[in-house]
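Q: Residue numbers (our numbering), protein chains in the order written: chain A, 1 to 344; chain B, 345 to 688; chain C, 689 to 1032; chain D, 1033 to 1376.
For reference, the structure I am asking about is given below.
Protein chains: 4
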Amino acid sequence: MEQGRLDFSCDYLEGAHDRILRRLVDTNLEKMAGYGFDPISQSATRRIREACERPGAEIQFLEGGTQANEIMISCLLEPWQGVIAATSGHVSVHEAGAIEAGGHKVLELPGQHGKLEASQIQSCMEAFRSDSNHEHMVEPGLVYISQPTEYGTLYSKAELEALSRACHENALKLYCDGARLAYALASPENDASLSDLSRLCDAFYIGGTKCGALIGEAAVVPDPKLIPHFFTRIKQHGALLAKGRLLGTQFDELFKDGLYFEIGKKAVAQARRIEERLEKRGIPLLFKSPTNQVFFIISRQKMEELGRKVAYSFWEWRGNDAVVRLSTSWATRDEDVEALLKLL
Amino acid sequence: MEQGRLDFSCDYLEGAHDRILRRLVDTNLEKMAGYGFDPISQSATRRIREACERPGAEIQFLEGGTQANEIMISCLLEPWQGVIAATSGHVSVHEAGAIEAGGHKVLELPGQHGKLEASQIQSCMEAFRSDSNHEHMVEPGLVYISQPTEYGTLYSKAELEALSRACHENALKLYCDGARLAYALASPENDASLSDLSRLCDAFYIGGTKCGALIGEAAVVPDPKLIPHFFTRIKQHGALLAKGRLLGTQFDELFKDGLYFEIGKKAVAQARRIEERLEKRGIPLLFKSPTNQVFFIISRQKMEELGRKVAYSFWEWRGNDAVVRLSTSWATRDEDVEALLKLL
Amino acid sequence: MEQGRLDFSCDYLEGAHDRILRRLVDTNLEKMAGYGFDPISQSATRRIREACERPGAEIQFLEGGTQANEIMISCLLEPWQGVIAATSGHVSVHEAGAIEAGGHKVLELPGQHGKLEASQIQSCMEAFRSDSNHEHMVEPGLVYISQPTEYGTLYSKAELEALSRACHENALKLYCDGARLAYALASPENDASLSDLSRLCDAFYIGGTKCGALIGEAAVVPDPKLIPHFFTRIKQHGALLAKGRLLGTQFDELFKDGLYFEIGKKAVAQARRIEERLEKRGIPLLFKSPTNQVFFIISRQKMEELGRKVAYSFWEWRGNDAVVRLSTSWATRDEDVEALLKLL
Amino acid sequence: MEQGRLDFSCDYLEGAHDRILRRLVDTNLEKMAGYGFDPISQSATRRIREACERPGAEIQFLEGGTQANEIMISCLLEPWQGVIAATSGHVSVHEAGAIEAGGHKVLELPGQHGKLEASQIQSCMEAFRSDSNHEHMVEPGLVYISQPTEYGTLYSKAELEALSRACHENALKLYCDGARLAYALASPENDASLSDLSRLCDAFYIGGTKCGALIGEAAVVPDPKLIPHFFTRIKQHGALLAKGRLLGTQFDELFKDGLYFEIGKKAVAQARRIEERLEKRGIPLLFKSPTNQVFFIISRQKMEELGRKVAYSFWEWRGNDAVVRLSTSWATRDEDVEALLKLL
């Protein structure tokens, strides 16, 4: 962000994809109904239903990821239930207690680079049921995952199927945070489509903010009966925009001509180039990433040197070494990647 | 909204002022920090502080009016307190219980076309204190007003001073919902400036959504100590945007070169023209409005006739007659007003 | 409470019926399971189910009326719903905002000496449904009544049937606060039995604290499916007693040999004697009470004179006159009534 | 609980100390003010203040431990804060999510047989402050400990002083759950007095239910300014008893003539006898307990054998072995201990 300094600190540094801005300009003075009843939002809804192969799904547009998680999770849980999440899950750490402020406990399980396994869900539920005090405890009601995870890792379709089965066999719902979903869908390693998510999850959201939109996340509830009065609850949470067209426009463009499926591809390729350079330079990766985030391990001194020229995201200490994250985005320029590669 | 039909149903039918869109386009690919730490949001903050003559005020940008009300009121109230509002107040009726979902009772007092009087506050607090059971009751902690009110009426500076005095003498905070504040500031009848609001209220918000912005309301807390950790609480409520620049841009433009003080003027003048025509035609007004909303009383049949050509907002029944509202906005075209006048 | 001064200020001045204390003493050192799984609580449950003619009803014992109302109402409402109550309802005024702290709005309707009418419910729901903004409003989900009401008035069986019908035809639940239910059941004017309440209400509680118990209210849910995981929710609200036997003992005794149906009779008869004396003395009653509370209207001076000799409960001002309440209870001694009559 | 079977499963199997029952009987028909304003509750308040050497402390009587924890913690925390507790803490596991239902996250740290160390608090707070994202995270606001802990272990006075210092140097409050406090005070190993707790903690409660009372916990707030409007908040949580005398009586007796300091002694001595027998028989203890709970490790088969004759509490699996808990209480008879010893 500083003049002349490269910035790979996150994937929400720029505004919106050019097409979105143009559409906002083109439709600006058209009079449209409020609260999402405008024709653009209605069109966006249709496009997303189609992309998900779920013509009957409920689609609602929200403003941000924490908001989407908090509203959907609280709508999916019963008052006596909690949500299972990886210790590194966004809802576990970085939402300032939004889930608890809504009345629900986050039941943390250790993740493997952000991922949970079906067997963990199974064990957790067996332990819960066999505990003679379980009626004095928080009943798990939902499993929260993210695709890609906070580490940029991916669940395979088979893993999602196993998770979905483990959830539904244990009367749990499965919810997926798709803040960076475009980067999952753009990954050569990904085999889980939007249609798969719609089939396997009880609810999820399609991230806009980090994937080319100015603002917005699209909540998808494949079976609308799961969240009755969703509109009113969004209003009650203060999340209903009078000018819903703003959100509708983001997603109508992102889902027109397959833009959402393309928009992350370059970022993923750029991240691979960065990883390759790190490996060539003998800098250990935390793991091989399939998406737009790259995690590697360097000494504190090297990190500080790097920081003079490149904005990055510090992740955590590993003894004396640091885990550092670099992110690309749909808007990352090749020349910036070139400049970065020279510095590594 | 229908083809060929005039639409005076509300003041959020269009997008944003042209300058805002242009600024979004011009700055789109600049990399900026998230969460409101970008230079545009910082500039917007400075401009609003200056317009309020409060260099130390805390300014935070939020997405909508219900959200702003819910967050600020819950941040200003103690857990055992409730909020006094007019029966017609937005928080009393049209926020789907957001205030109660946050744990607080709305204590309704009858309003006069949306306005509360200082003497009502005084009486209410005397009754509360003299009730021997008051420790079993909800303690009023804050008075909610709107400027202009839901009826478009205005508090004069003297009325605001009296309310502020009544509040502070009774250990109440005073909060003002400024969803349509630009139309108050643009009214020839208004004598309460932003500086006055900053001096007399403990918190308020400056409406963007209905006043020329695509999205956004600017929360103003003249004395920041009143809401500690406001940033974290906004996050906890799911209201913190990663791309805060979107909100900052709205207000940086609205408060550059006095745009916010100009943007409502034409709408107010247009509303006066509509009122004059109604009076000339002998259609009774509910009251003379000082801002961009016009309320009048017609028979059900006349209303239905009107509705074939103009979208309006039905307000309430008065016996067999209807109270109908027409709204202009910063974007209402003169030719549409002309066309409307011919129909009345 | 002061030495030598009569006290008719309320109906919870004394401890418990002698039989309850004796039972506590007799069973004190028996080892029993906690949390209501003890044999005494189980027996109390059976007796109440029998008295209600509902062998499958869920019975849970709680500690007080506000707690019972708050827990049951929040368990019966959906998160987007509110509770309809009379303006004078206990939940509307005297529970320190417990319902709102649980996230729900109290939607107040004017009562007639504490009573609501079926037609009010019908009108209220018609108005709600016909409001084009109703999805931005709190949906009524439940009607709160009390039997007897806060004024000691009674719903007849026909009135309850009409209310129940109006509720169920409008997808509302009906909930009855029975804090003083023994005085209703003991009234010669009452024709609504426990069995009727069980048939007509979705949930109610049988008051112990004001009806001869040291502590406790018995929550009755005729169809247990209406409140799943009730036990866990009681725990979550901090209302589950480790020594549940304490509560069980109250109700096992109250429902043994019909004690609960007898315990209020004397109090009601005493209240009638007080009313007769007031009428004889030309002191206007607020209305003829069918239960253990007596409301009458006297000047401020007379009230102050009375207060030197008798503790009463001040109700409200009627112009310059005061509405004063006198209560008898299951433990009121005839000699105290005699002494009171001499003073009136 | 079954006929003829010994029961050492917990310490709330019996009713109340004989003196408490006698006092209830003796004062039963005295008319007393409600809501804790009765003379017995006032006397109990004075006695507890004296025992704590805190004449200005606020004392309020509550019904149970989960309720006391939930109310006091939510009153001590700001809305954006969470509570640090050991993973085994009662608030972490066995309160059905009551803390989260009140809006707050429980931030778990690993305990050593239920105990937290000052250094853990220090490290936790340093990590929090140095995290650049900490404004997106839940701020720790309070440390929850229990004395004795859920494992029956004790904090020494020095440990409490270190914890208190670590808390206050890090702007944390210190709260102590004293559900079994009488067994701590009765332990020969204890050196932390009620006065010490009052000096070192910001709030705590003195357990009644497990320590000889029928019901009740006494909340102690050494500096009442820390919880303004505590009475109203107790009411709002549904925890205010109309017949407060019931709770006052428990504590007036427990704190008369030092009963509370004596009542746990026999139980602690009995627990030591059980431990000695276990050691003599070569059955490994989980650790040497200083209070009324005994934890030991046996095979599943031995546990099942034991279970035919004695009710115990299963704690957890250690590989194929079981950790089993036996509890004595103020009411445990020597003959039952003798019988138990023969079985071990």
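The C-beta atom is built at its ideal place from N, Cα and C for all residues, glycine as well.
As the structure is a prediction and not an experimental result, all values here were calculated from the model.
1) Quickly, what does DSSP pair Lys459/B with across the bridge? List them, please.
2) Is Gly212/A near Ala182/A, with beta carbons less than 8 Å apart?
3) Quick one: which chain B residues come within Cβ less than 9 Å of Met32/A?
4) For Arg5/A, decide whether its Cβ has a neighbour in chain D, counting only Cβ atoms nearer than 8 Å.
5) Can you check DSSP and say which residues form a bridge with Arg325/A?
6) Could you tell me whether any Cβ in chain D is nearer than 8 Å to the Cβ of Gln755/C?
7) Does any C-beta atom of chain B lie closer than 8 Å to the C-beta of Thr209/A?
8) Using Cβ-Cβ distances below 8 Å, what residues of the stretch 429-453 of chain B are close to chain A?
9) Per DSSP, Phe605/B is paired with what?
10) Run through DSSP, which three-state label would Met1033/D get?
11) Quick one: is the Cβ of Ser537/B within less than 7 Å of any heavy atom of the ligand SAH?
12) Relative to the C-alpha of Gln67/A, which candidate in Ile99/A, Ala184/A, Gly307/A has its C-alpha closest?
13) Using the beta-carbon count (16 or more within 10 Å), is Val1025/C buried or exposed?
14) Taking all protein chains shown into account, do 16 or more other C-beta atoms lie within 10 angstroms of the C-beta of Asn477/B, making it buried, or fewer, making it exposed?
15) I'd like to know if the stretch 843-858 of chain C and the stretch 741-761 of chain C are in contact, where contact means that at least 3 CB-CB pairs between them fall below 8 Å.
16) Where does the unbroken beta strand (DSSP E) through Ala442/B begin, and where does it stop?
17) Leaving out five residues on either side along the sequence, give the residues of the same chain with a beta carbon under 7 Å from the beta carbon of Leu1028/C.
18) Does the stretch 287-302 of chain A come into contact with the stretch 315-329 of chain A, if we say contact requires no fewer than three beta-carbon pairs (one atom in each stretch) closer than 8 Å?
19) Which residue from Ala854/C, Leu1032/C, Ser1001/C puts its Cα closest to that of Gly1066/D?
20) Do you know how far the Cα of Gln614/B is from the Cα of Lys621/B?
21) Which two residues bound the contiguous alpha helix (DSSP H) that contains Glu14/A?
22) Tell me the DSSP secondary structure of Arg617/B in three-state form.
23) At a Cβ threshold of 8 Å, is Asn1324/D touching chain C?
24) Cutting at 8 Å between CB atoms, please list the residues of its own chain near His778/C, excluding the five before and the five after it.
25) Assign Thr87/A to buried or exposed, taking buried as 16 or more other Cβ atoms, counted over all protein chains shown, within 10 Å of its Cβ.
26) By alpha-carbon positions, which one of Ala127/A, Arg22/A, Leu240/A, Pro110/A ends up nearest to Phe37/A?
27) Should Gly82/A and Gly1129/D be called a contact, given that it needs their Cβ atoms to be closer than 8 Å?
28) Quick check: is the beta carbon of Trp424/B nearer than 8 Å to any beta carbon in chain C?
29) Does the CB of Gln60/A have a neighbour CB from chain C at under 8 Å?
30) Counting only beta-carbon atoms, is Asn1165/D nearer than 8 Å to chain A?
31) In terms of residue numbering, what span does the beta strand (DSSP E) encompassing Ala1250/D cover?
32) Counting only beta-carbon atoms, is Gly1096/D nearer than 8 Å to chain C?
33) With Leu688/B as the anchor, note down where its alpha helix (DSSP H) starts and where it stops.
34) How about Gln1154/D: is its C-beta nearer than 8 Å to some C-beta of chain C?
35) In terms of residues, what are the limits of the beta strand (DSSP E) holding Pro1172/D?
36) Arg921/C: buried (16+ other C-beta within 10 angstroms of its C-beta) or exposed?
A: Let me lay it out:
1) Residue pairing by DSSP puts Lys459/B in a beta bridge opposite Gln456/B.
2) Cβ atoms of Gly212/A and Ala182/A: closer than 8 Å.
3) For the C-beta of Met32/A, the chain B residues within less than 9 Å are, from N- to C-terminus, Met345, Leu357, Glu358, Gly359.
4) Taking Cβ atoms only, chain D never reaches closer than 8 Å to Arg5/A, which makes this a no.
5) According to DSSP, which records beta bridges pairwise, Arg325/A is partnered with Phe295/A, Ser313/A.
6) It does; some Cβ of chain D falls within 8 Å.
7) Interface flag for Thr209/A against chain B is set, since a Cβ pair is found closer than 8 Å.
8) Hits within the stretch, in order: Glu439, Ala440, Gly441, Ala442, Ala445.
9) DSSP, once it has assigned bridges, lists no residue as partnering Phe605/B.
10) Below a pLDDT of 50, predicted positions are generally treated as unreliable, and Met1033/D, at 45, falls in that range; the measurement from the model is reported next regardless. Look at Met1033/D here: in three-state DSSP terms it is coil, with no helix or strand label.
11) Summarising the ligand content, the structure contains no ligands, and the ligand SAH is consequently not present.
12) The alpha carbon of Gln67/A has as its nearest neighbour, out of Ile99/A, Ala184/A, Gly307/A, the alpha carbon of Ile99/A.
13) By the neighbour-count criterion, in which 16 or more other beta carbons inside 10 Å mark a residue as buried, Val1025/C falls on the buried side.
14) If you draw a 10 Å sphere on the C-beta of Asn477/B, you find fewer than 16 other C-beta atoms in it, and that means exposed.
15) The stretch 843-858 of chain C, when compared against the stretch 741-761 of chain C, does not touch it at the 8 Å Cβ threshold.
16) For Ala442/B, there is no enclosing beta strand (DSSP E); the residue is part of the alpha helix (DSSP H) that begins and ends at 442-445.
17) Hits under 7 Å: Leu694, Phe696, Ile962, Val998.
18) Verdict: yes, contact present.
19) Sorting Ala854/C, Leu1032/C, Ser1001/C by C-alpha distance to the C-alpha of Gly1066/D places Ser1001/C at the top.
20) Here residue 621/B turns out to be Arg, not Lys, going by the sequence shown. Arg621/B and Gln614/B have their C-alpha atoms roughly 11 Å apart.
21) Glu14/A: not part of any alpha helix (DSSP H); DSSP gives it neither H nor E.
22) When secondary structure is reduced to three states using DSSP, Arg617/B falls in the helix class.
23) The beta carbon of Asn1324/D does not come within 8 Å of any beta carbon belonging to chain C, so the residue lies off that interface.
24) Result list for His778/C: Gly753, Thr754, Asn757, Ser834, Glu838, Asp865, Ala867, in chain order.
25) Its Cβ having fewer than 16 others within 10 Å, Thr87/A is exposed.
26) Among Ala127/A, Arg22/A, Leu240/A, Pro110/A, the Cα nearest to that of Phe37/A is on Leu240/A.
27) Yes, Cβ-Cβ distance for Gly82/A and Gly1129/D is below 8 Å.
28) A Cβ of chain C is located within less than 8 Å of the beta carbon of Trp424/B.
29) Chain C contact via Cβ: absent.
30) Cβ-Cβ to chain A under 8 Å: yes for Asn1165/D.
31) In the DSSP assignment, Ala1250/D falls within the unbroken beta strand (DSSP E) covering 1249-1253.
32) Chain C contact via Cβ: present.
33) From DSSP, Leu688/B is part of no alpha helix (DSSP H); its letter is neither H nor E.
34) Chain C, which has no Cβ nearer than 8 Å to the Cβ of Gln1154/D, makes this no.
35) Counting along the chain, the beta strand (DSSP E) containing Pro1172/D begins and ends at 1171-1178.
36) Buried: at least 16 other Cβ atoms inside 10 Å.
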